[in-house]
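Notes follow the structure.
In my numbering, the protein residues as written are 1 to 398.
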């Protein structure tokens with residue numbers, strides 16, 4: 001049966017390639033571009049579970065990209081629906097599924113140095129990487145995720161500017177039983193002031209407030225509010241190295257008033273370096289109190305570090321390597337009252353993600369990408385697992 005379906009999917013992929021290859025070549029400056037991605041993903045742990053199951057996903061993904069730049073205003077938009085076939089679905093999964101992703105980033109100039117920015121990211125997916133923190137969450141259920149942000153940058157003087165933004169996020173699971181305890185909503189607001197001391201150095205003050213709310217089949221009050229106050233600087237070590245640092249304090253309060261307020265240090269450091277025009281290094285590290293990734297906890301104390309490199313090895317080959325390590329510390333004190341029957345203890349949730357890939361330019365409008373990733377979760381509070389995946393993606397722009 002699988003062989004017959006695979007043959008049909010293979011024929012469909014070949015037909016798409018033949019149609020695409022006959023399209024007339026377009027100019028790179030076009031504001032609207034159409035493309036098709038043919039994707040094959042193999043993994044040894046389909047659902048990110050303790051006992052991994054092998055699986056291959058085969059996808060056909062048409063895509064439209066809009067890129068308009070008027071100098072002081074811009075619009076970037078993309079929409080990519082995809083049809084996926086799964087060779088070894090679980091008993092609760094379909095062998096075929098329709099997925100989507102949509103991204104919008106618009107900036108409108110309101111005068112010298114003043115601008116309004118609107119961003120929206122929408123996904124119908126099983127991939128946890130689309131979320132704010134890109135953590136390794138379980139892949140055993142599909143969900144809808146949307147995050148919208150509206151911000152404004154306002155000049156206060158020749159050397160000073162203010163930045164205001166508000167955001168909303170929501171997550172909805174398809175599976176009704178999963179949705180009862182996993183659906184979530186978030187609201188956030190941030191205000192910052194930046195003062196330029198020199199061409200190389202700028203000083204910043206930042207305040208941020210976030211609130212999260214969760215569904216609960218047991219009526220647990222897992223809601224969380226966090227408030228951050230921080231100060232720091234942006235520093236250009238050279239034309240090719242930029243450093244940003246924010247240090248401050250974070251306060252967490254809980255919907256369940258039985259849980260006492262928590263507080264701790266806030267730290268965020270990022271460094272971006274381009275020693276050569278075709279090479280970019282990034283390093284980041286941080287510490288904060290934020291919303292929980294694990295039921296039934298309401299919050300976690302997270303420490304993280306990441307590093308990455310993008311390198312254009314030649315005119316036809318680009319290489320990228322990234323790695324991140326996150327430790328979420330969970331305390332029984334942040335479990336809402338009424339959850340005594342749930343087995344949950346204090347401990348650390350350690351997550352490591354390593355990935356690398358190479359993109360080969362096969363012509364002006366065709367590329368092939370090969371990527372490999374490894375995830376490992378070592379935890380005291382949820383399911384431990386490791387996951388390896390290999391992706392092949394053939395792309396054609398027309």
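Here a beta-carbon is modelled for each residue, glycine too, at the ideal position from N, C-alpha and C.
Every value quoted in this text rests on a predicted model; they were computed, and no experiment measured them.
Legend entry - Cα-Cα separation, residue 279 to residue 243: Their Cα atoms are separated by approximately 17 Å.
Inset, instruction - Tell me, to the nearest whole angstrom, how far the beta carbon of residue 307 is from that of residue 323; I am working on the premise that it is less than 8 Å. - result: Correct: roughly 6 Å between the Cβ atoms.
Inset, instruction - Enumerate in chain order the residues of its own chain whose CB-to-CB distance from residue 303 is below 6 Å, with the five nearest sequence positions on each side excluded. - result: Here residue 303 has 287 and 327 as same chain residues with Cβ atoms under 6 Å from its own Cβ, once five neighbours each way along the sequence are excluded.
Inset, instruction - Return the CA-CA distance between residue 72 and residue 56, expressed in angstroms with no decimal places. - result: Between the alpha carbons of residue 72 and residue 56 lies a gap of roughly 45 Å.
Inset, instruction - Helix, strand or coil for residue 332, going by three-state DSSP, please let me know. - result: Residue 332 falls in the helix class under three-state DSSP.
Inset, instruction - Check residue 180 in the structure and name its three-state DSSP category. - result: Helix.
Legend entry - At least 3 beta-carbon pairs within less than 8 Å: the segment 185-203 vs the segment 270-284: By the Cβ criterion, the segment 185-203 is not in contact with the segment 270-284, since fewer than three pairs of Cβ atoms, one from each stretch, lie closer than 8 Å.
Inset, instruction - Identify whether residue 130 lies in helix, strand or coil by the three-state DSSP scheme. - result: Three-state result, residue 130: helix.
Inset, instruction - Would you check if there are 3 or more beta carbon pairs closer than 8 Å linking the segment 377-394 to the segment 29-42? - result: Result yes; three or more Cβ-Cβ pairs closer than 8 Å.
Legend entry - Cβ-based burial, residue 50 [other Cβ within 10 Å; buried from 16]: Within 10 angstroms of the beta-carbon of residue 50 lie fewer than 16 other beta-carbons, which makes it exposed.
Inset, instruction - Step through the CB atoms of chain C and report whether any lies within less than 7 Å of the CB of residue 271. - result: Protein chains in the displayed structure number just one, and chain C is not present.
Inset, instruction - Run the CB neighbour count on residue 98, radius 10 Å, all protein chains shown included, and call it buried at 16 or more, exposed below. - result: Taking every protein chain shown into account, the CB of residue 98 has fewer than 16 other CB atoms within 10 angstroms, so this residue is exposed.
Inset, instruction - Assign residue 125 to one of two classes, buried (16 or more other C-beta atoms within 10 Å of its C-beta) or exposed (fewer than that). - result: Buried.
Inset, instruction - State buried or exposed for residue 201, treating a residue as buried only when at least 16 other CB atoms are found within 10 Å of its CB. - result: Its Cβ having fewer than 16 others within 10 Å, residue 201 is exposed.
Inset, instruction - Return helix, strand or coil for residue 318, following the three-state DSSP convention. - result: Residue 318 falls in the strand class under three-state DSSP.
Inset, instruction - Would you identify the three-state DSSP class for residue 297, choosing helix, strand or coil? - result: Correct three-state label for residue 297: coil.
Inset, instruction - Inspect the beta-carbon positions of residue 190 and residue 169 and report whether they are closer than 7 Å. - result: Between residue 190 and residue 169, the C-beta spacing is not below 7 Å.
Legend entry - For residue 71, the three-state DSSP class (helix, strand or coil): Residue 71 sits in coil when the DSSP states are folded into three classes, being neither helix nor strand.
Inset, instruction - Could you tell me which of 67, 221, 45 and 204 sits nearest to residue 339, measuring between CA atoms? - result: For residue 339, the closest C-alpha among the options 67, 221, 45 and 204 is that of 221.
Legend entry - Selected residue, minimal CA-CA separation from residue 236, among 203, 266 and 212: Of the listed residues, the one whose Cα sits closest to residue 236 is 203.
Inset, instruction - May I ask which residues mark the beginning and end of the beta strand (DSSP E) holding residue 245? - result: The continuous beta strand (DSSP E) containing residue 245 extends over residues 241-254.
Inset, instruction - Measure the alpha-carbon distance for residue 380 versus residue 333 and round it to whole angstroms. - result: If I take the Cα positions, the gap works out to 15 Å.
Inset, instruction - Using the Cα positions of residue 171 and residue 180, report the straight-line distance between them to the nearest angstrom. - result: Near 12 Å, if we compare the C-alpha coordinates of residue 180 and residue 171.
Legend entry - Per-residue DSSP class, three states only, for residue 80: Coil.
Inset, instruction - Take the Cβ of residue 43 as the centre, count every other Cβ of all protein chains shown within 10 Å, and call the residue buried at 16 or more, exposed below. - result: Result: buried.
Inset, instruction - Flag this pair as yes or no: are the beta carbons of residue 356 and residue 317 separated by less than 7 Å? - result: Judged by their CB atoms, residue 356 and residue 317 are not nearer to each other than the 7 Å cut-off.
Legend entry - Local conformation of residue 87 per DSSP, three classes: Reduced to three states, the DSSP call for residue 87 is coil.
Legend entry - As assigned by DSSP and simplified to three states, the class of residue 31: Shown here, residue 31 sits in coil according to DSSP, grouped into three states, outside any helix or strand.
Legend entry - Proximity to residue 158 [Cα-Cα], best of 143, 130 and 113: Ranking 143, 130 and 113 by Cα distance to residue 158 puts 113 first.
Inset, instruction - Go ahead and label residue 47 buried or exposed: buried means 16 or more other beta carbons lie within 10 angstroms of its beta carbon, across all protein chains shown. - result: Under the 10 Å beta carbon count, residue 47 is surrounded by 16 or more other beta carbons and is classified as buried.
Legend entry - Contiguous alpha helix (DSSP H) assignments of at least 4 residues, all confined to the segment 151-196: Qualifying alpha helix (DSSP H) stretches, in chain order: 176-182.
Legend entry - Cβ-Cβ distance between residue 353 and residue 375 below 7 Å: Cβ atoms of residue 353 and residue 375: closer than 7 Å.
Legend entry - residue 212 - partner residues in DSSP beta bridges: The bridge partners DSSP lists for residue 212 are 186 and 224.
Inset, instruction - Just the C-alpha distance for residue 227 and residue 250, rounded to the nearest angstrom, thanks. - result: Whole-angstrom Cα-Cα distance: 6 Å.
Inset, instruction - Would you mind reading off the limits of the beta strand (DSSP E) that contains residue 359? - result: Boundaries of the beta strand (DSSP E) harbouring residue 359: 347-361, taken from the DSSP string.
Inset, instruction - Decide if residue 143 is buried, meaning its Cβ has at least 16 other Cβ atoms within 10 Å, or exposed. - result: Counting Cβ neighbours within 10 Å, residue 143 comes out buried, since at least 16 surround it.
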